[in-house]
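Novice:
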Amino acid sequence: MDAPLPAARTDRVGVGDALILGLSSSGPSQTLAVSLAGLVAVSGYGGVLPILICFVPMLGIAIAYQRLNRWEPSAGATYTWVANVFNPYLGFMSGWMILLYYTLGTTTLTIPAGIYTLDLVYPALVEDRGAVFVVGALWNVLVTAFAVLGLGVVARVERVVVVFEYAVLLVVAALGLFALARGGTAVDFSWEWFTWHGLGGMKGLMGGILIACFMYSGWDAAIYVNEETRDRTQNPGRAALASVVILAAVYAITTLGFQGVLSPAQLQAHAGNALAAISARLLPTPWDLVMGLAVLTGTLASLQAAVVSAARMGFAMSRDGVMPRLFLRRGAAGGPWAATLVMSVLNLSLLALAMGTGTLATALGNAASSLGLISIVFYGLTAAAAFWHFRAGLAASPRDLILGGAFPAIGVVFAVWVLIESVLTGAVTRVVMLYGLGSIGLGALVAVWLHRVNHAAFFVHRTLPRIDAGVSREEC
Numbered sequence: 001m002d003a004p005l006p007a008a009r010t011d012r013v014g015v016g017d018a019l020i021l022g023l024s025s026s027g028p029s030q031t032l033a034v035s036l037a038g039l040v041a042v043s044g045y046g047g048v049l050p051i052l053i054c055f056v057p058m059l060g061i062a063i064a065y066q067r068l069n070r071w072e073p074s075a076g077a078t079y080t081w082v083a084n085v086f087n088p089y090l091g092f093m094s095g096w097m098i099l100l101y102y103t104l105g106t107t108t109l110t111i112p113a114g115i116y117t118l119d120l121v122y123p124a125l126v127e128d129r130g131a132v133f134v135v136g137a138l139w140n141v142l143v144t145a146f147a148v149l150g151l152g153v154v155a156r157v158e159r160v161v162v163v164f165e166y167a168v169l170l171v172v173a174a175l176g177l178f179a180l181a182r183g184g185t186a187v188d189f190s191w192e193w194f195t196w197h198g199l200g201g202m203k204g205l206m207g208g209i210l211i212a213c214f215m216y217s218g219w220d221a222a223i224y225v226n227e228e229t230r231d232r233t234q235n236p237g238r239a240a241l242a243s244v245v246i247l248a249a250v251y252a253i254t255t256l257g258f259q260g261v262l263s264p265a266q267l268q269a270h271a272g273n274a275l276a277a278i279s280a281r282l283l284p285t286p287w288d289l290v291m292g293l294a295v296l297t298g299t300l301a302s303l304q305a306a307v308v309s310a311a312r313m314g315f316a317m318s319r320d321g322v323m324p325r326l327f328l329r330r331g332a333a334g335g336p337w338a339a340t341l342v343m344s345v346l347n348l349s350l351l352a353l354a355m356g357t358g359t360l361a362t363a364l365g366n367a368a369s370s371l372g373l374i375s376i377v378f379y380g381l382t383a384a385a386a387f388w389h390f391r392a393g394l395a396a397s398p399r400d401l402i403l404g405g406a407f408p409a410i411g412v413v414f415a416v417w418v419l420i421e422s423v424l425t426g427a428v429t430r431v432v433m434l435y436g437l438g439s440i441g442l443g444a445l446v447a448v449w450l451h452r453v454n455h456a457a458f459f460v461h462r463t464l465p466r467i468d469a470g471v472s473r474e475e476c
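Written out as structure tokens, the structure is:
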């Protein structure tokens, strides 16, 4: 069962739709709402610098995704590439980490979706755990229904949401920049923000980069739908590159426009949803509610993209016999409906557990904090796979040397550096490290069981999955 997703040609999405999926997965409104206060706390008002610094290695990693996708356009992406280039065990671990990232990620998105909805329509119930669960669960069911209907339906819905979300963010950020230029913000602009001292030295830079990594993560969602994309060897990679570039610009502009609107104390007091307080300062009532709506819709778009991405990864792993065969079932539009439903049920189960006990909710929060660390690991593995696979052709031209060698190498070095520095500087707590390493260790045990007990052929003999006739596996 190694055939690709056989969506009819009319059901395939274009490069614009893949781009929308990548942009929605990152969810800048929801991401900024929960991370802006932390970014200012660790990097002062120089947070734009870590965002721009992080852009270079992220671009290198996106180039690695693009080149590997041209070579093998598989829905498994990193899982497939790392297994074929390095080792089946390492490939399985990559897929395992991506599944963890998206399944736990959907849970951490569903809870805010419930909270933001109640905050808009019934603020008195925001603290009611049962109400948050019910509303979040209803949103989860709705986005799952759209996902089951097919990627074309998802793309059309996400297009409207992303345009609205990004437009609101940029308009309000422009108002913030205008206020900053006129001295109408709580903190006056200073070039001192962007000095080494203003940034907080190495500790401030490292803390800012870790948050920036979290902010960027998700753009790779454009790759996981490659088997349902027109010109799938080219368009998903282009969408991934464009997503990283657009996110860099949006995060730099919005961070600069939002961060000085409130005083440091006010920003920390609203650390859970900073954008609501900022928009209340910049926009008159009731227009300030538009930002809350943008955060809610952006959260739902991210949730939708996570469900779609997890289902495609589950399908690819099931095709290789390392996930339940149920995930292979597909609908009329070609999408893996069974995997989509299973991921949704898993999300609802985790949501119920998280809302049911305070202890587990705390544990889930720590697990969510480790997702940025997990993403850095599989991003780094992807960049390493691209560098190693294309190493023989790096001397063919300066373009190959730069795009195939230098940029992916920067991504690898960056990933290793972030992992080491996050431990040395204490930016990642022991509990978060335990969650990250423990989750990866559990995946290793599952891999050993699949190989030694279940005798999965994936670990014995690797062959590249078949692709549609007429699509060549071309080198970059």
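In our numbering, the protein residues as written are 1 to 476. Note that CB positions come from ideal geometry on N, CA and C, so glycine has one too.
1. So what does DSSP say about T425, is it helix, strand or coil?
2. Below 8 Å CB to CB, which residues in the same chain sit around W139 once its five sequence neighbours on both sides are set aside?
3. What separation, rounded to the nearest whole angstrom, lies between the Cα atoms of V187 and R281?
4. Are there any heavy atoms of the ligand COA lying less than 7 Å away from the beta-carbon of Y224, as far as the coordinates show?
5. By Cβ distance below 6 Å, which residues in the same chain neighbour A253 in space, the five residues on each side in sequence not counted?
6. On the CB-based measure, 16 or more other CB atoms within 10 Å of its CB, does W337 come out buried or exposed?
7. What does DSSP give as the partner residues of V13 in its beta bridges?
8. Do V148 and G331 have their beta-carbon atoms positioned less than 8 Å apart in this structure?
9. Whole angstroms is fine: what's the gap from R182's alpha carbon to A240's?
10. When the Cα atoms are used, what is the spatial distance from L104 to D400?
11. By alpha-carbon positions, which one of V48, I211, S24 ends up nearest to S422?
12. Helix, strand or coil for M323 per DSSP?
13. May I ask you to report which of helix, strand or coil DSSP gives G47?
14. Could you check where the alpha helix (DSSP H) with S279 kicks off and where it finishes?
15. Figure out for me which residue from R452, A137, D220 has the closest Cα to the Cα of G60.
16. What first and last residue would you give for the alpha helix (DSSP H) that runs through S94?
17. Thinking C-alpha only, which one of V448, L442, W449 is nearest M97?
18. So, for G478: in the same chain, excluding its five sequence neighbours on each side, which residues have a beta-carbon less than 8 Å away from its beta-carbon?
19. Using the rule of at least 16 other Cβ atoms within 10 Å of the residue's Cβ for burial, across every protein chain shown, is S202 buried or exposed?
20. Three-state secondary structure (DSSP) at A77?
21. Measure the C-alpha to C-alpha separation of S94 and L177 and round it to an integer number of angstroms.
22. Out of I402, P28, A352, state which residue places its alpha-carbon closest to the alpha-carbon of V134.
23. Are there 16 or more other CB atoms within 10 angstroms of the CB of A7, so buried, or fewer, so exposed?
24. Taking all protein chains shown into account, do 16 or more other C-beta atoms lie within 10 angstroms of the C-beta of W287, making it buried, or fewer, making it exposed?
25. Measuring alpha carbon to alpha carbon, tell me which residue in L394, L170, V431, S74 is nearest L373.
26. Given a cut-off of 8 Å, decide if E165 and T340 are closer than it, judged by their beta-carbon atoms.
27. Where does V342 fall in DSSP's three states?
28. Identify, in the order they occur along the chain, each residue of the same chain with its Cβ nearer than 7 Å to the Cβ of I53, setting aside the five sequence neighbours on each side.
29. Below 8 Å on the Cβ atoms is my guess for A277 versus Q259; work out the distance and round it to an integer in Å.
30. Is the CB-CB distance between A18 and N235 below 8 Å?
31. Give me, in chain order, the residues of the same chain whose beta-carbon lies closer than 6 Å to that of A456; leave out the 5 immediate sequence neighbours on both sides.
32. Consult DSSP for A186 and reduce its assignment to one of helix, strand or coil.
33. Suppose you measure from the CA of G27 to the CA of F146; what does that come to, to the nearest Å?
34. Cutting at 6 Å between CB atoms, please list the residues of its own chain near F55, excluding the five before and the five after it.
Specialist: Concretely, from the data shown:
1. The residue given as residue 425 occupies position 425 in the sequence shown. DSSP, read as helix, strand or coil, puts T425 in coil.
2. The residue given as residue 139 occupies position 139 in the sequence shown. For W139, where only same-chain residues beyond five positions count, the Cβ hits under 8 Å are T110, A113, G114, T117, L300, L303.
3. Translated into positions along the sequence shown, residue 187 becomes position 187. Translated into positions along the sequence shown, residue 281 becomes position 281. Approximately 13 Å, taken between the alpha carbons.
4. With respect to small molecules bound, the structure shown includes none, and the ligand COA cannot be examined in it.
5. Against the sequence shown, residue 253 aligns to sequence position 253. According to the sequence provided, residue 253 is Ile. The question's Ala does not apply to it. A173, listed in sequence order.
6. Position 337 of the sequence shown, counted from the first residue, corresponds to residue 337. Residue environment: W337 is assigned as buried (16 or more neighbouring CB atoms within 10 Å of its CB, all protein chains considered).
7. On the sequence shown, residue 13 is found 13 positions in, with the first residue counted as 1. Paired residues: T229.
8. Locating residue 331 in the sequence shown gives position 331, counting from the first residue. Locating residue 148 in the sequence shown gives position 148, counting from the first residue. Contact flag set, yes.
9. Here residue 182 is taken as the residue at index 182 of the sequence shown, counted from 1. Here residue 240 is taken as the residue at index 240 of the sequence shown, counted from 1. Taking the straight line from one Cα to the other gives about 37 Å.
10. Residue 104 sits at position 104 when you count from the first residue of the sequence shown. Residue 400 sits at position 400 when you count from the first residue of the sequence shown. Between the C-alpha atoms of L104 and D400 there is a straight-line separation of about 37 Å.
11. On the sequence shown, position 422 is the one that residue 422 refers to. It is I211 whose Cα lies nearest to the Cα of S422.
12. Position 323 of the sequence shown holds residue 323. Three-state result, M323: coil.
13. Numbered from its first residue, the sequence shown carries residue 47 at position 47. Residue state, collapsed to three classes: coil.
14. By 1-based counting over the sequence shown, the position of residue 279 is 279. Taken as a continuous stretch (DSSP letters only), the alpha helix (DSSP H) holding S279 covers 274 to 282.
15. As a first step, residue 60 must be located in the sequence shown, where it is residue number 60. For G60, the nearest C-alpha among the options comes from D220.
16. By one-based count along the sequence shown, residue 94 stands at place 94. Its alpha helix (DSSP H) spans residues 88 to 121.
17. Sequence index remark: in the sequence shown, residue 97 carries index 97 (1-based). Scanning V448, L442, W449 for the CA closest to the CA of M97 turns up L442.
18. Examination of residue 478 is not possible in this model, given that the chain is present from 1 through 476 alone.
19. By 1-based counting over the sequence shown, the position of residue 202 is 202. Correcting the residue type first, residue 202 is Met in the shown sequence and not Ser. Exposed: under 16 other Cβ atoms inside 10 Å.
20. Here the question's residue 77 lines up with position 77 in the sequence shown. A77 falls in the coil class under three-state DSSP.
21. Here the question's residue 94 lines up with position 94 in the sequence shown. Here the question's residue 177 lines up with position 177 in the sequence shown. Roughly 41 Å separates the two Cα atoms.
22. Counting from one through the sequence shown, the residue named residue 134 turns up at place 134. For V134, the closest alpha carbon among the candidates I402, P28, A352 is that of A352.
23. Taking the sequence shown and counting its residues from 1, one reaches residue 7 at position 7. Note that A7 has pLDDT 46, beneath the 50 cutoff, so the model's placement of it is unreliable and no number is given.
24. In the sequence shown, the residue the question calls residue 287 occupies position 287. Flag for W287 reads exposed.
25. Within the sequence shown, residue 373 is the residue found at index 373, counting from 1. Per the Cα distances, V431.
26. Position 340 of the sequence shown, counted from the start, is the residue given in the question as residue 340. Position 165 of the sequence shown, counted from the start, is the residue given in the question as residue 165. Cβ atoms of T340 and E165: not closer than 8 Å.
27. Start at 1 with the first residue of the sequence shown, and residue 342 comes out as number 342. DSSP, read as helix, strand or coil, puts V342 in helix.
28. Here residue 53 corresponds to residue number 53 of the sequence shown, with the count starting at 1. Once the five neighbours on either side are set aside, the close Cβ partners of I53 are I209.
29. By 1-based counting over the sequence shown, the position of residue 277 is 277. By 1-based counting over the sequence shown, the position of residue 259 is 259. In fact, because the Cβ distance is near 12 Å, the residues do not count as touching under 8 Å.
30. Mapped onto the sequence shown, residue 18 falls at position 18. Mapped onto the sequence shown, residue 235 falls at position 235. With respect to N235, A18 sits close: the two C-beta atoms are nearer than 8 Å.
31. Against the sequence shown, residue 456 aligns to sequence position 456. Beyond the five residues adjoining it in sequence on each side, A456 comes within less than 6 Å, by CB distance, of G321, V322, L450 in the same chain, given in chain order.
32. As a first step, residue 186 is located in the sequence shown; it is residue number 186 there, counting from the start. A186: coil per DSSP, three-state reduction.
33. Along the sequence shown, read from residue 1 onward, the residue named residue 27 stands at position 27. Along the sequence shown, read from residue 1 onward, the residue named residue 146 stands at position 146. Their backbone Cα atoms lie some 18 Å apart in a straight line.
34. Position 55 of the sequence shown, counted from the first residue, corresponds to residue 55. Around F55: A248.
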